[in-house]
Amino acid sequence: MIDKLIEQIQNKYSEKGQDAEVFLKGLLHSKPINYWDYIETDTLLSLQKPKTNFSDEYIFIVYHQITELVLSLIRHELNQMTSDDEMSQETMIEKAGRMERYTGLLINSFSIMNQGMDYEQYNQFRLSLAPASGFQSAQFRFIELMFTDIDNLINERGKSRMPADCTLENKFNYIYWQDAGIDHQTGKKSVTLSDFENRYMDEFVLLANKMKKKNLNQKLKDLKDRNALSDELIVAMKKLDHQLNVAWPIVHLETAHTYLNKKGETTAATGGSHWIKYLHPQYQRRIFFPHLWSEKELENWGKDL
Ligand code: HEM
Numbered sequence: 060m061i062d063k064l065i066e067q068i069q070n071k072y073s074e075k076g077q078d079a080e081v082f083l084k085g086l087l088h089s090k091p092i093n094y095w096d097y098i099e100t101d102t103l104l105s106l107q108k109p110k111t112n113f114s115d116e117y118i119f120i121v122y123h124q125i126t127e128l129v130l131s132l133i134r135h136e137l138n139q140m141t142s143d144d145e146m147s148q149e150t151m152i153e154k155a156g157r158m159e160r161y162t163g164l165l166i167n168s169f170s171i172m173n174q175g176m177d178y179e180q181y182n183q184f185r186l187s188l189a190p191a192s193g194f195q196s197a198q199f200r201f202i203e204l205m206f207t208d209i210d211n212l213i214n215e216r217g218k219s220r221m222p223a224d225c226t227l228e229n230k231f232n233y234i235y236w237q238d239a240g241i242d243h244q245t246g247k248k249s250v251t252l253s254d255f256e257n258r259y260m261d262e263f264v265l266l267a268n269k270m271k272k273k274n275l276n277q278k279l280k281d282l283k284d285r286n287a288l289s290d291e292l293i294v295a296m297k298k299l300d301h302q303l304n305v306a307w308p309i310v311h312l313e314t315a316h317t318y319l320n321k322k323g324e325t326t327a328a329t330g331g332s333h334w335i336k337y338l339h340p341q342y343q344r345r346i347f348f349p350h351l352w353s354e355k356e357l358e359n360w361g362k363d364l
């Protein structure tokens, strides 16, 4: 058994033109692995840097960081799905199931925000955070661009303003999230939006170009055109579309109401958007796979909750 193993190790290294003996000798000195180094616990716990002395700001930071990590799991699956042209529908269904569980975790845990912070504390510490906003989470946008064509992220209002021969880069000026980024006093882009675009726009354009023919919507359309799209995959993808574009936005919007719209008085958000209108899925009409939904379902988008 051990001889066979040594032979396999020798083969592995000789294939790369390297000497297996050197690596085996190295093993004699290598330290055993432990949990805290592998998981980087100390690094992880050094990343929370509240800007105020309000104790609940820690909850706010940690929950955002948890969200970013979960989003990275979704991206991890999307990276594989969009780069493998040969991926079977079975594997796609398996991966859609994973993404559904990750998104479900975000939806089911949002009460940590909605019910889990002191109202007065939140409304004090958030003042120290402007003009930063969750709006500036680039992972949300990377994910959208891997799920679907940029045209599906431009709603009817944007499309009516967009020139017919709009370049892909210029389409970002009409994308749904521009609606949150106008400073309503000056009519110019808000600092929240312009900072975000300065930091990430090159990466967004690069990704949108790369995803033109490779995003998930394109893959599904291709299968549909060849009459090969399975019912199971349709169900899985519709579930994800609804989770990410209706269910999560609704729990998020409800939370904004809890903290920013108490006693019927609306408070401006740190990003400065007209958030009651903007955050509602019926207004955004962000739909990753419109061709999978019936006309009636599209008509009722976001009305079911
Ligand atoms: C008390 C908790 C929260 C409140 C009150 C809140 C409020 C808001 C508001 C009002 C906006 C609109 C943009 C603006 O004017 O700032 C927004 C956008 C956004 N927030 Fe939150 N948020 C909360 C928690 C979170 C968390 C935990 C995340 C996770 C990363 C998040 C991610 C986002 C994203 C991605 C957007 C952009 C949404 C879009 O463009 O459709 N938010 N949030």
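Take any residue in the sequence shown, note its place counting from 1, add 59, and you have its number in this note's numbering. Glycine included, each C-beta is placed from N, C-alpha and C at the ideal position. Quantities reported herein were computed from a predicted structural model and do not represent experimental measurements.
What is the rounded straight-line gap between the Cα of residue i and the Cα of residue j?
i	j	result
Asn182	Phe113	10 Å
Asp144	Asp177	49 Å
His301	Leu204	16 Å
Leu357	Ile68	57 Å
Phe348	Thr317	31 Å
Thr141	Met270	8 Å
Gly246	Asp238	11 Å
Phe206	Leu265	15 Å
Val268	Asp224	Here the sequence assigns Asn to residue 268, which means Val is not the residue at that position. Distance between the alpha carbons of Asn268 and Asp224: 16 Å.
Asn173	Lys90	45 Å
Asn138	Ser192	26 Å
Asp115	Leu186	14 Å
Gly175	Lys321	16 Å
Lys273	Gln124	29 Å
Ser105	Ser332	32 Å
Asp101	Gln244	45 Å
Thr150	Arg160	16 Å
Phe82	Asp96	22 Å
Lys297	Gly163	14 Å
Report back the beta-carbon spacing between residue i and residue j to the nearest angstrom; my notes put them in contact at under 8 Å.
i	j	result
Thr111	Phe184	4 Å
Thr314	Leu188	That pair is no contact at about 15 Å.
Leu282	Ala155	Leu282 to Ala155, Cβ: 13 Å. No contact.
Phe169	His311	7 Å
Glu233	Arg220	In the sequence as presented, Glu is not what sits at residue 233; that position holds Tyr. Sure, about 6 Å apart at Cβ, within 8 Å.
Leu279	Leu227	About 20 Å; that fails the 8 Å criterion.
Ile120	Gln107	5 Å
Val294	Pro340	The pair is not a contact, with the Cβ atoms about 20 Å apart (cut-off 8 Å).
Asn276	Asn211	7 Å
Pro308	Ser249	Their Cβ separation, rounded to whole angstroms, is 20 Å, which puts Pro308 and Ser249 out of contact at 8 Å.
Gln148	Ser289	5 Å
Trp334	Arg344	With a Cβ gap of about 16 Å, Trp334 and Arg344 do not count as contacting.
Ile152	Leu292	5 Å
Leu165	Val129	6 Å
Between which two residues does the alpha helix (DSSP H) carrying residue i extend?
i	result
Phe82	79-88
Val294	290-301
Ile213	Careful: Ile213 lies outside any alpha helix (DSSP H) and carries neither H nor E.
Gly163	148-168
Tyr318	307-319
Ile202	197-206
Lys272	From DSSP, Lys272 is part of no alpha helix (DSSP H); its letter is neither H nor E.
Gln180	178-184
Glu74	61-74
Tyr233	From DSSP, Tyr233 is part of no alpha helix (DSSP H); its letter is neither H nor E.
Trp360	Segment: none, Trp360 is in no alpha helix (DSSP H) and carries neither H nor E.
Pro340	340-343
Lys336	334-337
Any Cβ of chain D within less than 8 Å of the Cβ of residue i?
i	result
Asp261	Of the protein chains in this structure there is only one, and it is not chain D.
Give me, in chain order, the residues of the same chain whose beta-carbon lies closer than 8 Å to that of residue i; leave out the 5 immediate sequence neighbours on both sides.
i	result
Ser131	Gln198
Lys71	Ala79
Tyr117	Gln107, Pro109
Lys84	none
Given residue i, which residues of its chain have a CB within under 6 Å of its CB, disregarding the five upstream and five downstream residues?
i	result
Ile171	Tyr122
Tyr259	Ala197
Lys230	Ile209
Leu252	Gly240
Gln195	Phe255
Lys336	Tyr342
Lys63	none
Asp242	Ser249
Gly217	Tyr233
Which same chain residues, not among the five before or five after residue i, have their C-beta less than 7 Å away from its C-beta?
i	result
Met158	Ile133, Glu136, Leu299
Phe263	Arg200, Leu204, Phe231
Asn214	Tyr235, Gln343, Arg344
Thr325	Leu319, Ile335
Met31	Lying outside 60 to 364, the shown extent of the chain, residue 31 is not represented and no answer is given.
Quiz item: Which parts of the segment 90-133 are runs of the alpha helix (DSSP H), unbroken and 4 residues or longer, counting only runs that do not cross its ends?
Solution: 94-98, 100-103
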